[in-house]
Each structure stands twice: as C-alpha cells, then as structure tokens.
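Note sheet for the following structure.
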Amino acid sequence: MSSTTPTWQMPYGAYYKADTVAHDPEITEAGPGTPMGTYMRRFWQPVCLSAELTDVPKAIRILNEDLVAFRDRSGRIGVLQRHCAHRGTSLEFGIIQPKGIRCCYHGWVYDIDGRILEMPAEPKDSRVYGTVFQGAYPAFERHGLVFAYMGKPEEKPAFPEYDVYRYPAGNKLVAFSNNYKCNWLQVYENIMDHMHTALLHNNMTVDALDQAIKDGLNFPEAFKNLPVMDWEKTRNGHGCTFIAGRRVNDERIWVRMTEMIFPNLIQNANLMPTAHEVRHSTVCMTRWHVPVDDTHSILFGWRHFNDEVDPKRFGREDGCGYDKIDFLDGQCERPYAIGQRAPGDWDAICSQRPIAVHALENPGTTDVGVYLCRRLLRELVRGKTAADRTRPMSADGKDTLQCWGSDSTLAAPRPADPEEDRALMKALGRRVYAAVADADRLPSPERRRYILGRLDQIDGGGQRRAAE
Amino acid sequence: MSSTTPTWQMPYGAYYKADTVAHDPEITEAGPGTPMGTYMRRFWQPVCLSAELTDVPKAIRILNEDLVAFRDRSGRIGVLQRHCAHRGTSLEFGIIQPKGIRCCYHGWVYDIDGRILEMPAEPKDSRVYGTVFQGAYPAFERHGLVFAYMGKPEEKPAFPEYDVYRYPAGNKLVAFSNNYKCNWLQVYENIMDHMHTALLHNNMTVDALDQAIKDGLNFPEAFKNLPVMDWEKTRNGHGCTFIAGRRVNDERIWVRMTEMIFPNLIQNANLMPTAHEVRHSTVCMTRWHVPVDDTHSILFGWRHFNDEVDPKRFGREDGCGYDKIDFLDGQCERPYAIGQRAPGDWDAICSQRPIAVHALENPGTTDVGVYLCRRLLRELVRGKTAADRTRPMSADGKDTLQCWGSDSTLAAPRPADPEEDRALMKALGRRVYAAVADADRLPSPERRRYILGRLDQIDGGGQRRAAE
Amino acid sequence: MSSTTPTWQMPYGAYYKADTVAHDPEITEAGPGTPMGTYMRRFWQPVCLSAELTDVPKAIRILNEDLVAFRDRSGRIGVLQRHCAHRGTSLEFGIIQPKGIRCCYHGWVYDIDGRILEMPAEPKDSRVYGTVFQGAYPAFERHGLVFAYMGKPEEKPAFPEYDVYRYPAGNKLVAFSNNYKCNWLQVYENIMDHMHTALLHNNMTVDALDQAIKDGLNFPEAFKNLPVMDWEKTRNGHGCTFIAGRRVNDERIWVRMTEMIFPNLIQNANLMPTAHEVRHSTVCMTRWHVPVDDTHSILFGWRHFNDEVDPKRFGREDGCGYDKIDFLDGQCERPYAIGQRAPGDWDAICSQRPIAVHALENPGTTDVGVYLCRRLLRELVRGKTAADRTRPMSADGKDTLQCWGSDSTLAAPRPADPEEDRALMKALGRRVYAAVADADRLPSPERRRYILGRLDQIDGGGQRRAAE
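Structure representation (structure tokens):
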C-alpha cells in the first residue's frame with residue numbers, strides 16, 4: 012500500500028472503505044413523478060388480494076400513494092385515493108354502499124370511478140356535482156388478485172393476457188402475496204441471479220439447526236448444482252431471460268428459462284421437485300413486484316396448479332394466500348433468530364439495505380443477469396427502447412402473449428471433458444431458446460406442440476421417449 | 012377532457028390529482044415563535060388533569076414545549092421547563108419537596124416560580140442564586156384541571172370567568188381529557204361543522220355490527236335530522252357560533268348554538284337526549300383544544316352536571332377522566348377494527364391526515380362555519396381584529412363573561428310548505444341569537460331570566476308552558 | 012425587568028428562555044470523518060462481550076458504523092463491515108466457517124482480515140480475488156471483551172496494558188456492558204462530577220418507596236458525605252483525575268482519585284462499602300464509553316475482583332454481564348415508574364437529552380471537573396495537546412502503564428475549625444496525588460510499595476497501623 016493513496020483494497024482496510032454512497036434513484040424509486048414511477052404507471056399493477064376486500068375498505072399504499080380499495084355491495088371494485096375530496100377524511104373509515112363508498116364524516120358517496128353520487132347535506136343542484144371527483148383508478152379482480160391502472164387515463168392499456176394463464180388446459184391460478192421490507196428492485200432482480208439457488212437455497216444453515224426448520228427450506232435437489240448460465244434480452248428489450256443448463260445424469264441435460272417482463276413482472280419456471288424430469292413444462296408462478304414506497308414492496312402473484320408443471324402434485328393451494336407461498340420457507344418474514352440460522356431470500360435480500368446501493372457492489376460472473384436487467388430498465392425509463400415488435404396479443408385476448416419461462420430436458424450423453432460438457436449445455440440452451448423464440452410466430456394453442464417438435468429435432472426425441 | 016390540459020375533474024382522474032400540497036402553517040402550528048403559537052400563549056391553557064399529579068412529577072408537552080408539572084407537598088402547582096437549568100437532567104425524575112422540586116442529579120431545588128431554593132453542593136453565597144432561574148410558567152388548579160400561562164410574563168391576563176361555570180346554581184364541573192393524534196385545529200373546527208352530527212353520528216356503521224358497540228354510539232335521536240344552519244361571529248371577531256334550527260314536531264322548533272371562543276375554547280350546548288325538550292339550557296361541556304405538538308393535541312375540558320342541562324341525569328360523572336368522556340363512543344381512540352366498523356369523531360378527524368391540508372379541500376355548504384372559523388383565527392393571528400368590545404368580566408370575577416352556547420325550544424306550528432318551514436327555523440334562530448346577544452348587557456345573575464322573557468315574547472310563552 | 016430587554020433571569024421567565032440551542036458536535040459526535048470520531052479511532056475499542064459471540068454472527072453498531080462480529084470455528088475473532096462487498100447482503104445472516112464467514116446469498120467466504128477465501132460460483136482465476144476485500148478491522152478477545160481497532164491500518168497501536176489489570180496478584184477481570192440511550196460523552200464525563208454520588212446516590216427517592224427497590228440503590232454510606240473536591244490533568248493532558256477528600260471520623264481522612272484516560276477510558280476507584288477503610292486500594296472497575304451512534308452508547312468494562320479492593324468480597328461475579336453490573340441499581344434501564352421513584356445514573360444522564368446541550372447549562376463549582384474534561388478533549392481533538400511524556404509501557408507489555416485511580420486513608424486528627432479541616436483534606440489530597448505521580452518512575456511491581464511508603468511519610472504510618 013502506498014502511504015499517499017490509502018486504499019481499502021487490502022486486508023484490514025475498512026478504515027478506508029467508506030460506506031456512504033447513495034442508492035440509484037432512477038430505477039429504484041417509484042413515487043409520482045419519478046422516472047421509474049412514471050414508467051411503472053403505464054402498466055396494470057396488482058394492489059391487493061381479493062381476500063383482503065371484506066365488509067370494510069382496505070387501506071393500501073402503492074407506488075408511494077395512499078389509496079383505499081373495496082368491493083362495493085354490487086361486487087364492483089373501487090380503488091380510490093385514500094383521503095376524501097371534501098375534507099380529507101380517510102375513506103378507510105368509509106361505509107361500503109350498494110354502489111360505491113360513503114365517507115363517514117359528511118356522508119358523501121363516491122362511485123368506483125370517483126364520481127359523486129350523493130352529498131346528503133348539500134343542495135341537490137350543488138355545482139360540486141360534476142366539478143369535484145374523488146381521485147380514482149380503474150380496477151378489476153382476476154383469480155384472487157385486484158389490479159389497478161394508475162397511469163394516464165387516456166393511455167390505459169389492455170390487461171396483457173399470457174398463454175400460460177389458460178394453458179395447459181385445467182390450469183388453476185391461486186393468488187398469494189409476499190411482503191418485503193426493502194425496495195422492490197432488489198427483490199425483482201434476484202430472479203436473474205439464478206446461481207443463488209445453488210447457494211442460498213442449498214442447505215446453507217447453521218449446524219444443529221432444528222430439523223423442522225431445515226425441512227421447510229427444502230429446495231428441490233436438482234437446483235443445488237451450479238448451472239451453466241446465459242442471459243438474453245427478450246421482447247426487443249422489454250424483457251430478459253436467463254438460460255440455465257444443468258446436467259441431470261450421464262444421459263440428460265436440463266435447460267431452464269425464467270423471464271422478466273418489464274417493468275416488474277416475472278413468469279417463473281418450474282419450482283417443483285420434478286422440474287428436471289419432464290420433457291417441457293412452462294410457468295409455475297406469475298408474480299409482480301409492486302413498490303409500496305421506496306423501502307417496502309409486495310410481491311403479488313399466482314401459483315399455477317396443473318399436471319404439466321406439477322404432475323405429482325407437490326404444490327398446496329392452501330399454502331398460498333396473504334404473505335404466504337406453498338414452497339421454500341424463507342420467502343416470507345420469520346423470527347430473526349431463525350433467519351440467522353437458516354437464511355432465506357427474505358433475509359438475504361432485505362438485508363442488502365432498505366435500498367441496495369449499486370455503487371458499493373463488486374459484481375462477479377453470477378451478476379451478469381442482474382446488471383442486464385438494470386441496464387434494460389434504465390433504457391426503458393429513459394425512453395431509449397423501441398417498441399416491442401414481438402407478436403401482439405389479439406384484441407379479444409384469445410390469442411395471447413407468449414411466455415418464455417420453461418423447463419426442458421434433452422437427451423445429451425456426457426462428454427468425457429467437463430469443459431466440453433459445459434459448452435454442450437450452453438449450446439443446447441441456445442437451441443431451446445431459439446425454439447421458444449420461434450414459437451412466438453404461432454397462435455397460442457399451437458405453441459406447445461411446436462416447441463415439443465423442435466425439442467425432438469434437437470435430440471431425436473430421445474428424452475421425450477425417456478420421460479414418457 | 013382536452014388532451015392539452017390534463018385534469019382530475021373527471022372519472023378515473025387520480026393520475027392528475029397530485030396529493031402533495033402542504034398544510035397551512037399560519038393557523039395550525041403552535042410552537043414557540045410561530046404566529047398561532049405566539050397568539051395562543053396569550054391565554055391560560057389547561058395542561059393536564061389534577062388527577063395526573065401524584066407523588067412523582069408529570070412530564071408533559073404543550074405547544075411544542077417539554078415541561079414538567081407537579082403539585083408540591085404544600086399543595087402548590089408547578090409547571091417548569093422539563094430540563095434542569097443546571098445540567099439538563101429532566102425534572103420528571105425530580106423529587107417533589109415540601110416546597111418546590113429537587114433535581115435528582117445534583118439536588119438543586121426549584122420553587123414553582125423557577126427560583127433556586129437550594130444547591131446542596133454549591134457555596135451558600137453562590138452567584139448562581141439570583142442569576143439562574145428554572146424556566147417556569149404560572150399555574151393553578153381549577154375543578155380538576157391544571158392551567159398554565161405560557162405567554163409573556165408582563166402580559167398575564169386574568170383567567171376568564173364565564174357565567175356557566177357557576178350558573179345554574181349547583182352546577183358541578185368534572186374534568187376530562189381526550190387525546191388526538193392530529194393537529195389541534197381540525198379537532199377544534201369540527202364543532203362549527205354541526206351538520207356532521209346528523210351524518211357521522213347517525214348510525215353510520217357497517218351492517219351486522221356488534222350490538223354492544225352500536226349501543227355505545229347512541230347519539231341523541233334529535234341530532235339525527237339535518238338542521239337549517241346559520242353562523243355568526245361573536246365578541247367582535249374573537250368568537251363565532253353556529254345557529255342550528257331543527258323541527259322537533261308539528262308544534263315545536265329547536266334552536267341550538269355552540270360558541271367557539273378563540274383561540275381554542277368551546278362552550279358546547281346540550282348533548283343529553285333531552286336537549287330538544289327543555290325551554291332553555293346552556294352549557295353541557297367546556298373544552299380547550301390544546302396543541303401538544305404540530306401533529307398531536309389534547310382536548311381538556313369540564314363536563315357540566317346540573318338539572319338545567321340534564322334534568323333526567325343521563326350523564327355519568329365517573330365516565331369522565333383521563334382520555335374518557337361520558338357520552339358517545341368514538342371520541343377517544345378505539346381498536347382500528349372497531350373504528351372501521353363504527354367510525355366516530357376520533358377516526359374521521361385524525362384520518363384527515365396528521366395536519367389537514369386545507370388546499371386540497373372541496374368545501375360545500377356544510378363547511379361555511381369551518382371556513383369562518385379559520386378566517387377569524389387568521390385575522391386574529393395577523394392582528395387585524397379589533398379588541399373585544401363586549402361586556403368585560405368584573406375585576407373580582409363576580410360578574411362574569413356571558414356564554415352563548417345554548418338550546419332553546421319555541422312553539423312554532425309547521426307550515427305546509429317545507430321551504431317556508433326552513434325559512435321559519437332560520438328566522439327563529441336569528442331571534443334567539445339576538446336575545447342572547449342582548450342579554451350581554453346584564454349582570455350574570457339576571458341573564459337567564461332575561462333570555463327566558465325574550466323567548467316568551469317570541470312564541471307567546473307557548474313552548475314554555477308545554478315544557479313545564 | 013426592563014420592558015426593552017426581556018430576560019429569563021426572573022421568576023416565571025420561561026417565555027423568554029428559548030430551548031433551541033444546539034449540541035456541541037466537535038466533542039460529542041463520533042461518526043466516520045468527524046473530529047472526535049477520527050480521534051477515537053486511534054484507540055482500541057471494545058465492541059461487544061465475548062459472550063455475545065455464539066454460533067451466529069452478532070450485528071453491532073460502533074462509532075456510527077454497521078459491523079458484524081463473530082468467532083470463527085477456529086476460535087479467531089472477526090469484525091467486518093456488515094454488508095457483503097459483493098452485493099450488500101448483511102453478514103449477520105452469514106454462516107460461520109472453520110475459517111472466516113460465508114455470505115448466505117452467493118456463498119463468498121471472507122477471512123477475518125477481509126480477504127476472499129472462496130467464491131463458489133466464480134472462476135478459480137477471477138480477478139476479484141486480490142482486488143476486492145471485505146472491510147475488516149483487527150480484533151481480539153481479552154477477559155470477556157472483544158476489542159477492535161477501527162483506525163488507519165498503518166497507525167495501529169499496541170493495546171495499552173495497565174498495571175491494575177495484573178496487580179494485585181490474583182486479580183480477576185469480569186466483563187460487563189451497560190447500554191445508554193444517549194450520547195457517550197454525558198455518561199463519560201459524569202465520573203468527573205463526583206459530587207453527584209453524595210446527591211443522586213444518597214437515598215434520593217420518593218417517600219414510601221418499595222423497600223426492595225430502595226435496597227438495590229444502596230450506595231456505600233461513605234460516599235454520602237459531600238467531599239472536598241479538586242481536579243488535575245494527568246498524562247500531560249491525555250487524562251484527568253478528581254481528588255476527593257472526605258473525613259471518615261475524628262482521626263482519619265479518606266482521599267479518592269478516579270482517572271479518565273482519554274478519549275473514553277475510566278479506571279474507577281473502589282466502589283465497595285470498605286472503600287474508606289483500607290490503607291490503599293486501586294481500581295475496582297475499568298470501563299470504556301463507546302459510541303454506538305450520536306444518541307446511543309455502550310459502557311463496556313471489567314469489574315476487578317481481588318482482596319485489595321474488596322477484602323470482604325461484597326462484589327458478585329455473577330452480577331456482571333450483558334447490560335448488568337453487580338452494584339447500585341439504576342445504572343441500567345429500569346421501568347419508567349421505578350426510575351421516577353428512585354432515579355439512578357441511567358435516568359439522570361439519559362434525560363439530559365439525547366445529546367446534552369452544553370450551551371444551555373449553568374455550571375456551578377461541582378462542574379469544574381466536567382468542564383476540564385471537555386476542554387482537554389477538545390484540545391486533543393484539535394491536535395493542540397503534546398505527546399504523553401509519562402513513562403511508556405514496555406514493548407513486551409511486562410512493564411505496564413500506571414493507574415491513578417485509588418483510595419487511600421490517612422491519620423489526620425480533626426481540627427476544631429471546619430474550614431481548617433477542609434483545607435487539611437485538600438492538602439492531604441494533593442500529597443497523595445504527588446505520591447501517585449512520583450510512582451510513575453518505577454517499574455510496575457514496585458509502585459504499590461512505593462506509594463505505601465509515601466503514605467507512611469505523610470501520616471507517620473498511623474493509619475496504616477490502624478487499618479492493619
């Protein structure tokens with residue numbers, strides 16, 4: 012070490028390693044008027060579970076805005092700004108009406124679109140009717156989630172329909188949420204960091220841990236091998252995916268892809284213990300990473316229950332709900348002493364600081380996907396990304412958007428040289444990726460069959476026959 | 012909607028309805044040196060209940076100042092700045108003395124006026140005696156409340172004696188308090204918004220509410236009709252009152268007035284179920300709305316127990332005390348789940364935000380009194396209001412200040428036309444208001460009889476005879 | 012009072028006594044880069060108890076820095092910056108290794124000096140090895156305390172060895188801690204304010220206090236007399252001591268010294284009920300006042316158990332540990348209601364405000380030592396103090412640094428005139444101080460005998476014979 016240029020790049024160098032660099036607001040903060048907040052508002056966002064709407068309104072905070080959500084007694088969903096347009100009383104104390112909601116203070120009734128339906132103590136011809144509106148956002152329910160559109164009214168998009176919501180036939184979507192005490196981005200980008208599944212989720216616990224806790228952590232064995240990783244942007248920069256190749260045994264390779272659809276949607280591939288056994292399965296979990304405020308976020312999503320992704324039915328519908336998911340303890344908050352002994356995603360990610368500080372990181376090869384995700388998000392926010400030229404959803408939603416998240420297995424005898432094997436896994440991953448990409452040309456019902464055909468072309472159908 | 016001028020004045024317009032306007036500091040903030048804080052310090056303020064003074068000092072925060080209140084063992088009341096003038100230790104850990112209070116750290120003893128009586132480890136001739144004083148405020152007890160004067164010592168006023176404190180004969184004042192987690196002004200101005208009694212307090216609850224909770228909310232039936240409202244400033248701009256007319260039945264009209272005496276006193280009219288039955292009654296509750304800090308306040312007051320205001324003795328003295336009043340659940344904080352199902356003043360008002368944001372309001376006709384109150388307060392704070400020219404209190408307090416808060420009933424057959432009836436209620440309200448105003452010329456003991464005479468002139472004594 | 016110059020120097024003058032002056036950051040704040048923080052980092056500091064290091068890492072905050080301390084499975088102590096150098100995950104969720112600690116997220120293993128030992132998912136030849144280090148501080152354990160050096164690596168000093176750590180023979184050091192919810196300085200400087208022992212610790216309680224609480228407060232009777240105080244700087248301005256003289260009886264005087272060794276060490280004299288009986292005893296407690304952040308601090312220390320300081324063995328080793336000491340209730344936090352009735356150091360000192368405001372103080376003669384301490388600290392921080400010219404520790408630590416903290420008793424018949432007696436106590440105090448100072452020339456094992464000889468010279472050996 013030179014005495015003139017103190018450095019932290021030495022043993023015992025903490026004195027020179029200042030910990031004061033700021034977070035990156037451009038892609039982490041999502042309040043009104045922020046770059047990412049404005050971008051995120053272009054998309055439908057889940058804001059609560061259907062199960063949270065009862066006989067009283069639900070106070071929610073989404074994208075740094077105080078709101079109230081309710082289901083009126085006609086069954087319609089309202090998402091309104093929380094404070095009454097009249098004198099500011101919170102509508103969380105409002106009385107739900109057959110149509111709309113009544114503020115408790117002076118009894119003004121608002122429809123779900125913010126129109127005033129009644130002001131009991133005001134003249135019938137008050138000019139307040141028609142000039143004053145409660146701030147409202149369009150909203151609807153779908154499979155247990157409540158979605159709202161918080162962007163410019165004149166730019167409201169259709170809700171994106173993905174093929175995996177209705178395929179395979181009989182697919183059942185079950186809603187859940189997962190509360191994080193940290194910024195949304197570090198939870199979201201974690202998916203591109205697929206390598207952590209082989210580390211954090213690989214029995215990384217303190218010795219002599221209580222067996223019951225250990226059991227809860229059981230991530231499928233197949234994830235515990237370090238994969239050969241690749242990453243690729245999708246949808247012309249509006250998404251990205253990882254491509255993870257793993258050798259299953261001397262005869263077989265497993266290729267896994269999970270896609271981020273920006274700004275905050277993920278279509279997770281298979282998480283069941285059979286993920287590496289089936290010929291081809293698609294999405295196991297759909298989830299949105301929704302900012303509450305800059306240092307809190309909620310992961311809202313659907314678990315997919317069907318025979319393709321979970322032929323042996325390991326999943327449990329009743330394990331999904333408010334702040335709970337049916338696999339892998341450590342996704343939700345647990346007592347500190349347990350988190351310390353058997354850390355999970357929640358502990359690892361929340362403890363990156365309330366907002367992770369990118370400028371203090373020292374990335375390695377595992378972080379390529381995370382940095383790709385951040386770069387693509389920044390380009391989107393800055394308006395540098397061209398429109399998505401991939402095949403659009405049909406107007407009636409019957410022909411849907413494709414999902415890339417998938418697991419495929421292929422026959423591929425193990426070469427003698429491990430490096431050659433790694434190259435093989437990477438090459439096969441690329442061929443699967445190409446097959447999925449090409450399927451994008453087709454109508455939804457034909458995609459799966461097309462991909463299966465391409466997999467047969469790749470390995471001559473060997474693994475298909477083995478899996479059958 | 013024009014595409015060039017986005018507006019929130021439309022259904023689903025929340026995106027354009029920013030919620031970032033600031034509160035109005037001039038009339039809401041009351042810390043040292045603020046406009047309202049300086050004005051409020053001209054008046055005696057209650058600072059705690061007598062019952063809160065025990066064998067140890069009581070740490071209090073009033074007008075953003077940290078203080079300590081105590082009753083020394085001679086029975087005298089001290090209100091001192093909280094931190095010892097010597098080295099800053101809090102006098103809440105002081106030991107109450109036969110005379111004054113002793114700081115626990117070095118044993119300095121302060122008298123209730125802040126003089127140093129003893130410094131055990133300092134020389135007897137220390138120049139600290141006579142040059143150092145503990146910051147002190149004059150204080151006294153009255154009917155269970157402790158009052159302090161926190162203004163300029165050279166401008167200390169007499170404590171204002173109102174006739175309703177001693178009339179009717181046998182009147183008993185019982186102290187209470189009521190803690191609010193919001194700015195003082197929104198709690199105070201609520202009284203001018205008399206219409207809310209017909210809405211918030213009108214069984215505005217969720218269906219299937221637990222009956223015990225429902226029972227606690229029972230506001231007298233008579234308040235549940237929408238009144239004909241009028242407002243008037245009083246005391247040359249140093250107060251204001253509402254005048255509420257309601258029809259009791261085909262033969263009778265009820266006129267109610269409740270006065271604010273600025274900056275933060277209210278003399279509440281009758282709250283008993285018989286309020287609309289007696290010929291004439293005066294004050295049922297006296298209360299001061301005292302800022303703790305900008306986002307917390309305490310309502311200190313006296314409930315009046317006497318046969319005039321409560322002939323059937325519905326009130327309960329033992330229901331009054333620390334953070335409790337003997338009527339209408341929902342004045343004090345309750346569990347959130349109950350507040351949501353049966354909202355009361357506490358829920359409606361605290362939820363207007365920690366400090367209500369006037370600039371975001373959209374007032375209606377019910378809000379005329381609230382806006383009058385704010386305007387008069389602003390003029391007082393700005394020094395634009397002339398002195399109160401109404402009849403002053405006598406020097407010995409024997410002839411007191413008049414109270415306008417009152418309920419009166421008059422014989423007044425219902426006209427066929429509802430609009431004519433409303434005009435009648437308004438006109439009778441005005442005549443009662445004039446009678447009460449004219450009574451201001453008289454000595455205290457003669458006022459009630461004079462007002463009763465005027466009521467007889469108005470309706471020919473018809474309602475008096477009915478009520479007798 | 013003049014009407015043109017309002018003053019608070021009067022009874023009831025609180026209105027003019029503004030409470031808004033700021034604290035003194037130069038000698039109270041200790042974060043990175045602050046004047047005092049930089050100075051304090053030149054010294055080894057205790058950061059936790061050995062007992063706090065278990066099978067999981069201990070998250071600590073010291074000098075405003077977030078750290079993690081652990082004992083690896085080879086028994087070595089690590090004190091690392093809390094957030095992993097890779098992606099920021101907290102190492103409090105790390106898994107302790109045979110050598111070093113493994114971050115839970117991607118499995119990077121750091122040695123106790125911050126070197127990367129393993130990155131499971133990175134190439135073996137990654138350039139991250141050798142260029143990235145976890146911020147680390149040197150650390151070691153000693154008698155139940157964990158010490159770290161948080162200063163410039165190139166200026167790391169030896170750990171100062173004081174003779175009282177190993178003399179008298181058989182001395183046993185037992186570790187404890189004591190958490191304060193306030194700035195470190197007001198707790199530290201309290202020792203120079205020796206007079207408070209005769210006031211705060213002199214049964215200063217509310218009447219009718221529960222006897223069990225009263226018993227816990229029992230400070231030795233001998234401390235309850237007001238002493239004759241003197242103060243002197245030591246070690247050329249790198250320390251200071253008080254010299255307290257008290258008359259024990261008609262024949263005997265007790266001289267007590269407790270030394271501060273800057274910036275934050277204290278060597279406490281005897282605290283046992285026999286403190287005023289033995290001829291000469293030295294240190295009863297060694298303690299460091301360590302800032303956590305600007306408004307929290309921890310007192311870490313060792314109680315000394317030996318026959319010299321506690322011949323009758325009143326002390327209790329099992330009364331020392333995490334946030335507990337074996338004497339005098341009120342050092343550690345207790346329920347508020349008890350603190351109010353029987354205030355102790357914790358209550359008196361924490362309540363001086365989160366950071367005591369020196370500019371609001373009105374010091375008396377008891378505060379001379381406190382102000383001396385602050386002045387000396389300020390000079391040190393500003394670099395105005397010359398090096399310590401007193402006898403240094405030998406390189407092997409076998410000949411140690413001297414401690415001045417001590418209690419000595421001397422034969423000294425009481426003069427008739429109380430003032431003459433005070434002068435006598437002061438003069439004898441000075442002579443004892445000179446004896447202790449002169450002992451500094453000698454090697455450690457000879458000091459005690461030398462001081463005892465000097466005491467015999469002072470009083471002719473009279474008190475020695477009485478004490479034997």
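Protein chains in written order, with the numbering used here: chain R, 12 to 479; chain L, 12 to 479; chain H, 12 to 479.
All residues carry an ideal CB built from backbone N, CA and C; glycine is no exception.
In this text the structure is predicted, and so the values were computed from the model without any measurement.
So the candidates are the options; which of them puts its Cα closest to the Cα of residue i?
i	options	result
D35(R)	C331(R), A448(R), H369(R) and E390(R)	H369(R)
D305(H)	P365(H), G162(H) and Y50(H)	P365(H)
D428(H)	D358(H), D449(H) and D261(H)	D261(H)
L388(H)	R87(H), V443(H) and N247(H)	N247(H)
I277(H)	R385(H), W299(H) and H287(H)	W299(H)
Since residue i and residue j are thought to touch, with beta carbons under 8 Å apart, how far apart are those beta carbons, to the nearest angstrom?
i	j	result
V294(L)	H315(L)	6 Å
P68(R)	G105(R)	6 Å
G42(R)	L64(R)	Not confirmed; about 25 Å, so no contact.
D174(L)	L453(L)	Not really, about 10 Å apart at Cβ, beyond 8 Å.
G408(L)	E129(L)	36 Å between Cβ atoms; not a contact.
V32(L)	L371(L)	5 Å
A255(R)	M271(R)	That belief does not hold up - the Cβ atoms of A255(R) and M271(R) are roughly 14 Å apart, past 8 Å.
S61(H)	E152(H)	5 Å
In chain R, what lies closer than 7 Å to residue i by C-beta?
i	result
L196(L)	Going along chain R, no residue has its Cβ under 7 Å from L196(L), so there is no contact; the nearest lies around 12 Å.
F81(H)	The contacting residues do not exist; F81(H) stays about 11 Å from chain R at best.
P22(L)	D124, G125, R126, F144 and A147
A359(L)	T100, F104, C115 and Y116
Helix, strand or coil for residue i per DSSP?
i	result
M268(L)	strand
C59(R)	strand
W195(H)	helix
V67(H)	coil
F325(L)	coil
F234(R)	helix
I112(L)	strand
Q278(L)	strand
Cβ closer than 8 Å: which chain H residues qualify as neighbours of residue i?
i	result
A132(L)	M206, A209, L210, L237, G375, T376 and T377
Nearest-angstrom Cα distance between residue i and residue j?
i	j	result
Y121(L)	P149(L)	14 Å
R257(H)	G118(L)	19 Å
V157(L)	E328(L)	19 Å
H249(H)	P274(H)	8 Å
I360(R)	A397(H)	49 Å
H205(L)	P131(R)	14 Å
L196(R)	V301(R)	9 Å
A233(L)	S101(L)	50 Å
R283(R)	N201(R)	According to the sequence as given, residue 283(R) is Met; it is not Arg. Cα to Cα, the separation comes out at about 19 Å.
R385(H)	G44(H)	20 Å
Interface residues of chain H around residue i at Cβ under 9 Å?
i	result
C59(L)	Within chain H, no residue comes near C59(L); the closest Cβ sits about 15 Å away, beyond 9 Å.
Listing by chain order, which chain L residues have their CB less than 8 Å from the CB of residue i?
i	result
E232(H)	The contacting residues do not exist; E232(H) stays about 17 Å from chain L at best.
Mind pulling the chain L residues with CB within less than 7 Å of residue i?
i	result
T481(R)	This structure gives no information on residue 481(R), because the portion of chain R shown stretches from 12 to 479.
Y352(H)	Here the sequence assigns Arg to residue 352(H), which means Tyr is not the residue at that position. What R352(H) touches in chain L: V67.
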